[in-house]
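A.B. asks:
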Amino acid sequence: MRAVIQRVSKSRVVVDGNCVGEIGAGLCVLLCAMDGDTQEQARVLAKKIAQLRIFCDENAKMNLDIRQIGGGVLLISQFTLAADTRKGNRPSFTNAAPPNLAKSYYEDFADLLRENGVAKVETGIFAADMQVEIVNDGPVTICLDTDLLGKK
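For what it's worth, this note's numbering labels the leading residue of the sequence shown as 7, then goes sequentially.
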């Protein structure tokens with residue numbers, strides 16, 4: 007799984023002119039299920055995101071996680087994170103998980119974030135044409151790949 011995590015002051019997602027998910031301070035997480043991903047990788051990634059200490063404490067140091075600030079997560083499915091551009095200029099997305107499996111992982115991932123103590127989790131709509139508004143705070147952007155977690 008791949009995720010791009012952005013610390014935000016606010017974020018929302020609009021589908022067909024309607025806001026379907028919105029948060030204030032917290033994280034906007036763009037998530038891509040990759041071919042060959044497992045439920046265990048999803049669990050590890052959700053726990054990592056819930057525990058990422060990228061919010062400032064009283065000394066202006068990034069020392070707090072999403073749960074400690076009472077922030078929300080806006081979770082957006084984004085298969086384009088699987089893009090492979092090694093051959094030519096047109097990205098290939100063959101590394102993305104098949105849509106039915108990716109949808110299942112995406113829906114389960116929102117529940118995994120909640121199980122890890124994130125009180126508010128909002129989502130977009132899987133496979134919809136979405137307009138995502140992100141007000142990046144910092145800016146702080148972290149890229150995670152479960153294939154690289156735990157490796158040095």
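Backbone N, C-alpha and C define an ideal beta-carbon position, used for all residues, glycine too.
Quick check: D41 and M7, are their CB atoms within less than 8 angstroms of each other?
C.D. replies: Position 35 of the sequence shown, counting from 1, holds the residue named residue 41. Position 1 of the sequence shown, counting from 1, holds the residue named residue 7. Contact: no.
A.B. asks: Return helix, strand or coil for P105, following the three-state DSSP convention.
C.D. replies: Along the sequence shown, one-based indexing puts residue 105 at 99. DSSP places P105 in helix when its eight states are reduced to three.
A.B. asks: Start and end of the alpha helix (DSSP H) containing Q45?
C.D. replies: Taking the sequence shown and counting its residues from 1, one reaches residue 45 at position 39. It spans Q45 to Q57 - the alpha helix (DSSP H) in which Q45 sits, taken as one unbroken run.
A.B. asks: Using 8 angstroms for Cβ pairs, my map puts V10 next to L87. What's the rounded Cβ distance?
C.D. replies: Within the sequence shown, numbered from 1, the residue matching residue 10 stands at position 4. Within the sequence shown, numbered from 1, the residue matching residue 87 stands at position 81. Confirmed, Cβ separation roughly 7 angstroms.
A.B. asks: Can you give the Cα-Cα distance for C62 and A103, rounded to whole angstroms?
C.D. replies: Locating residue 62 in the sequence shown gives position 56, where the first residue counts as 1. Locating residue 103 in the sequence shown gives position 97, where the first residue counts as 1. Distance between the alpha carbons of C62 and A103: 35 angstroms.
A.B. asks: Verify whether the separation of the beta carbon atoms of V14 and D143 is less than 8 angstroms.
C.D. replies: Numbered from 1 along the sequence shown, position 8 holds the residue referred to as residue 14. Numbered from 1 along the sequence shown, position 137 holds the residue referred to as residue 143. Yes, Cβ-Cβ distance for V14 and D143 is below 8 angstroms.
A.B. asks: Determine whether the beta carbon atoms of A159 and D71 lie at a separation below 8 angstroms.
C.D. replies: This structure gives no information on residue 159, because the portion of the chain shown stretches from 7 to 158.
A.B. asks: Tell me whether A9 sits in a helix, a strand or coil according to DSSP, three-state version.
C.D. replies: The residue you call residue 9 lines up with position 3 of the sequence shown. Here A9 sits in strand by DSSP.
A.B. asks: How big is the Cα-Cα spacing for R92 and N65?
C.D. replies: Taking the first residue of the sequence shown as 1, we reach residue 92 at position 86. Taking the first residue of the sequence shown as 1, we reach residue 65 at position 59. About 44 angstroms.
A.B. asks: Indicate the three-state DSSP secondary structure (helix, strand or coil) for T152 in the structure shown.
C.D. replies: Within the sequence shown, the letter at position 146 stands for residue 152. The DSSP-derived three-state label of T152 is coil.
A.B. asks: Given that a residue counts as buried once 16 or more other Cβ atoms are within 10 Å of its Cβ, and exposed if not, what is R18?
C.D. replies: Looking up residue 18 in the sequence shown gives position 12. R18 is buried by the Cβ-count criterion.
A.B. asks: How far does the alpha helix (DSSP H) with I72 in it reach, from first residue to last?
C.D. replies: Taking the first residue of the sequence shown as position 1, residue 72 is located at position 66. Where I72 is concerned, the enclosing alpha helix (DSSP H) stretches over I72 to I75.
A.B. asks: With DSSP as the reference, identify every bridge partner of G90, one or two as the case may be.
C.D. replies: What you label residue 90 is simply residue 84 of the sequence shown in a count that begins at 1. It is worth fixing the name first, because residue 90 is Asp in this sequence and not Gly. According to DSSP, D90 bridges with S98.
A.B. asks: What does DSSP give as the partner residue(s) for Q137 in the beta ladder?
C.D. replies: Taking the first residue of the sequence shown as 1, we reach residue 137 at position 131. V20, per the DSSP bridge assignment.
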